[in-house]
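Chains as they are written, first to last, in the numbering used here: chain A, 4 to 440; chain B, 58 to 591.
Worksheet for the structure shown next.
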Amino acid sequence: MTLIDAVSLYAIISIWLLMIMNAVLSIGGFVYYMQVDKKGRGKPLQEYPMVSILVPAHDEAVVITRTVRALLGLEYPKDRYEIIVINDNSTDDTAEKLEQVQAEFPDRKLIVISTGPEIGGKGKSNALNIGFSVSTGDVIAIYDADNTPQPDALAILVETLMEDDKLGAVIGKFRTRNRNASLLSRFVNIETLAYQCMNQAGRYYFFRLCTIPGTNYVIRRSLIEEIGGWDVNALSEDTEISFRLYRMGYYIKQMPLAVTWEQEPHLLNVWFRQRTRWAKGNLYVLAKNMRYIFDPTAGPMRLDVVYYLIVYILMMSSLVISDFIFLGGILGFVHVTLGGFSTMLWGMAILVFVCNIMLTLSTEKNEFTLSSALLSLLMLFTYAKLWVIVVLKALWLSFEDQVFHREVKWDKTVRYEETLPDEEEALPQELLHKKGR
Amino acid sequence: MKCSMTCKRLLVLCLGVCMALALSGHALAAEEEPFLPDGSGSLLLVHSRNLSQEQTRQVERLVMLATALGKTVDFGTAEQCRDVLGEYPYVILYDLPEMTRGFGTALKKSGAQLMLIGSGTLRRYLTLVGQSGKILEEEPQENGKMTYTFPTGGEYACITHWKGLFRFQAGEYQSGSLQAGGSSYPFCAEVAQVRFVPVTDLSQTLVRAALMQEITQWMWPYQDNPTDYSQFLVLDSVYPFMPAQQLLDIVEQVETYSVPYVISVMPLSANTDYPAMTQFCQVLAYAQSRGATIVLHAPILHKTVETAEELYEKLTDMTNAYIRNGVYPLGIQVPYSWLNREPYLTVLGRYRTVLTYDDGNPTFFDPEAHTSRISRQGHQLIYPRIDLDQNGVSQLQCYPSATYVDCGSASQVFLRYARLARTQGDSFMDLRDYNHQVWLNGGHLEYQNRTVYLDGTPMDTAFHPVEYDTDYDFQRSPLVRMSVDLKNQNRFLLTVVAVMVAVFLYAIIYARRRMRKRFLSGGAREEEQANDTD
């Protein structure tokens, strides 16, 4: 057996393990979705807790008005929640847009904190810490500046959080508002549904494990105080805080009925920068928490560390190896003598991939289409390859940061103005009425 | 005086440098000088200049079929061949509608027997020799039915294509027919003392087979029919480590038909000491002792072999792996690509018996080679049978041919051919009736008078069962073990995947039904609400 055979074998086993793992998670997620769907949202509370919604916003003028309007239209007792927008060192007219909304809704508790370059502009974690310092709610809700949550999203999240004292946080589902903007945004839409939401549901179903996705979630104030706020060095503050909650003995639940719609990158360069940031952040969290794998006191979060390890090390390396061998084979540099796997098996592996995605899409309205099936097939050969480049770049940047002791830099996702919302249903009905529709 | 000496030395030095340069230049020129038809072959093929890709393919086919017929064939353009036309007893002009007057004169002077392929070639030739009046009328239709009867009695037909078709004053000889425009034209005929074939497109198997028959007939110097050549039944691509029992079953069944056959074994370069190899070779040795001839299948090379030495070494090791187990591969089976380029041609020089096959890969035929080198190397060349029907025995007996049947996928076909050969009286020949020689690095394998000699020593080819190690230490690393396990898990994995897909499909159907139900009930509710409002 040659070295190439050995690495090929490693790649084959890894890819199959990952595929089976994803398939099992999807089936678990599907069962969980069906259970939740049958049970419905939690019981209405006697008294709803005070909620502070934190919205970090850095140069978000093109989307912030829509987001704040959606938050103002939430079906939650109006006197029991406040919206705190952290206008984080913006250089565009975010502040002016927010002032207009404030003027339009003078009776609502809409707080805008504008920070300058001295304390602001240092990333999402820093902005959340600033917002948290002025918040009064017992429950903290986080929404990104490009979100339009469905009217019942916050109430569902809070009702679920109040069901169990051991619940540290509850996360909702996020959907792509601009899924038809480009081919890339259609890929992102499928990826979001299949590999973020459904996988989360599967992990929760089997292991009661979830990772906070960064938006559309609620968390107990007391926990944020106990852990001392968000880690300003983490680019994936959501993943980082999830790990900390698990170490404290709490768990996180996914509630797929609480939905928010968000704007996803529709241009390759924007997507690439956003995903590189995510991957870099996750690698940071992974490195920071690796030591807990063998620590029995760390609880179920160890499984999550293993999960991230599998995704970022096993999957990435196996995809790089398989691509290298594929290209090397075509160019005649590499030759694998390993036999035994039939072509039919590879065909079936692709079928599993497509079925896996279609399973997720079958649970959503207007997503289960032939074009989605074809897109998922195309995705396997295009979008999945881009992911490898993203992780490789993130690895390289992380290495550079370590060597040159660079300060962590937040690479903001650039938004764009949508001409017409793809998902009108995402907007609160009362706001639609106001707009005269 | 001193000056004179210095001048002499300088002069000698200059002369020396000039001579060295001249010699090296001459050597270089000699190295770079390409082969051109020189009259040493038995057949010359003349084609047009600036061959298109399709024309190159046709020329290649012609060269290949002439080689299969055992002719030493040279080829080139009219310009390249004009001066040597007289050196060849037989000349084929392929699709040459624009041959020059000078070339026509050279043709007349040469006295060579001519075969013209393509109507344009005939028209031009007749014009040049002043016999254009032999063309009576032209047929506009360019497609039609071709019918051809082989000397064995088999008649075959196909639809084929040509460029121009004439009615002409034919000589005595006519063969085959082309049906077009309600008339019949000969596939091959004698016109003005030359043989003429109008069809230039040789992509049809029947056209190739008929042309081979016609070339054979044309080049046969006697009045009677040409000699029939042998056909061999070859069990192809027999892989070491295939289930020994499966091979044994085939061997025992073929034996009942008393049909001689050849086993082409795939070479093995690693793990040759495994008990499975011993077991496999036991079956081969048994077959060898009962009438089968063993030949070595060319190794499947995944990277370009740079030197002949490299390939010699590989083939020696691979052959020795069989010899050690009492199996003697007496020839080699190679793809067409080996017949057209180095270092394969040099390596083939070590084998007297060469079986060829089309593996579907590029053949590396080069029109600039101007000769079929393989035809000059003195091999016993065996080309694949041209498939005209499904009974396994070729109607075409003008060249030694092999009927290949893939062992892995079609052992039943192999047995059917053997049975048909037995029942219909068409017999395959025994390759053991021929002498064979194989040179190895540091060794020589020879088959003469039904005896195998290894380095001059006669070898015992009778079957002697041997014990094989049932407790063999494979020295497998955990990684290798895992690899072997994975190979064995194909069916298991397929089952897992099938179950997984079935679960997915069930879940998808369930979700869609639920979604539809909700949509319908939601719609009903909305309707109810609307009615209430009214």
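Ideal Cβ positions, reconstructed from N, Cα and C, are used throughout, including at glycine.
Of the candidates A:Y84, A:G134, A:Y386 and A:K42, the residue whose Cα lies closest to the Cα of L260 (chain A) is A:K42. Per DSSP, D131 (chain B) is one residue of the beta strand (DSSP E) stretching across V130 to T134.
No Cβ of chain A is located within less than 9 Å of the beta carbon of F337 (chain B).
S29 (chain A) has a beta carbon lying within less than 9 Å of a beta carbon in chain B. In terms of beta-carbon proximity, M251 (chain A) stays away from the interface with chain B, with every pair separated by 9 Å or more. W233 (chain A) sits in coil when the DSSP states are folded into three classes, being neither helix nor strand. The beta carbon of T273 (chain B) sits closer than 7 Å to those of L126, P283 and C455, all from its chain and outside the five residues before and after it, given in chain order. Taking the CA atoms as reference points, Q310 (chain B) sits about 26 Å from Y414 (chain B). Interface criterion not met: the Cβ of D167 (chain A) is under 9 Å from no Cβ in chain B. Comparing alpha-carbon positions, the option among A:F402, A:L322 and A:L286 lying closest to Y310 (chain A) turns out to be A:L286. Only residues of its own chain outside the window of five on either side were considered, and among them S128, E240 and E243 have a CB closer than 7 Å to the CB of D234 (chain A), listed in chain order. If you look at P154 (chain A), you'll find it isn't in any alpha helix (DSSP H); DSSP assigns it neither H nor E. In the three-state scheme derived from DSSP, where H, G and I count as helix and E and B as strand, R106 (chain B) is classed as coil. A564 (chain B) reaches chain A at I30, F33, L362 and S365, counting residues in chain order whose Cβ is nearer than 8 Å. Within the region 272 to 360 of chain B, complete alpha helix (DSSP H) segments of at least 4 residues are found at 301 to 314 and 332 to 346, given in chain order. Taking a cut-off of 8 Å for Cβ pairs, the region 134 to 153 of chain B and the region 104 to 114 of chain B touch, as three or more such pairs fall below it. When the alpha-carbon of A249 (chain B) is set against those of B:T257, B:T262, B:E229 and B:L263, the nearest one is in B:E229. Under the Cβ distance rule, C200 (chain A) does not count among the residues neighbouring chain B, no pair being separated by less than 9 Å.
Here E503 (chain B) is buried. Its C-beta has 16 or more other C-beta atoms within 10 Å. Proximity of the region 245 to 253 of chain A to the region 163 to 171 of chain A meets the contact definition, three or more beta-carbon pairs being nearer than 8 Å. Listed by position along chain B, the residues whose Cβ is nearer than 8 Å to that of A352 (chain A) are V554. Contact annotation for F371 (chain A) against chain B: I565, A568, R569 and M572 [CB-CB distance below 9 Å, chain order]. A distance below 9 Å separates the beta carbons of L268 (chain B) and I174 (chain B). V355 (chain A) reaches chain B at V554, M557, V558 and F561, counting residues in chain order whose Cβ is nearer than 8 Å. By the rule that beta-carbons nearer than 9 Å mark a contact, T350 (chain B) does not touch chain A. Proximity to Q231 (chain B) across B:G238, B:I216, B:V254 and B:A214 peaks at B:V254, based on C-alpha coordinates.
The beta carbon of V384 (chain B) lies closer than 7 Å to those of C338, L341, A342, Q345 and I351 in the same chain, with the five residues before and after it left out.
Taking the CA atoms as reference points, L113 (chain A) sits about 6 Å from I87 (chain A). Under a criterion of Cβ atoms nearer than 8 Å, the residues of chain B adjacent to A26 (chain A) are, in order, M557 and F561.
Counting along the chain, V394 (chain A) sits inside the alpha helix (DSSP H) bounded by residues Y386 to F407. Short of 6 Å from the beta carbon of S401 (chain A), and not among the five residues preceding or following it, lie these beta carbons of its own chain, in chain order: K283 and L286. For W395 (chain B), there is no enclosing beta strand (DSSP E), as DSSP marks it with neither H nor E.
Put simply, the CB of T376 (chain B) is far from chain A, with every gap to its CB atoms at 9 Å or more. D131 (chain B) sits close to S97 (chain B), with the two beta carbons spaced by under 9 Å.
In this structure, A:V66 is the residue among A:G76, A:V66, A:L77 and A:R111 with its C-alpha nearest to the C-alpha of E99 (chain A).
Following the DSSP letters along the chain, one finds Q257 (chain A) in no alpha helix (DSSP H) but inside the beta strand (DSSP E) bounded by residues Y254 to E265.
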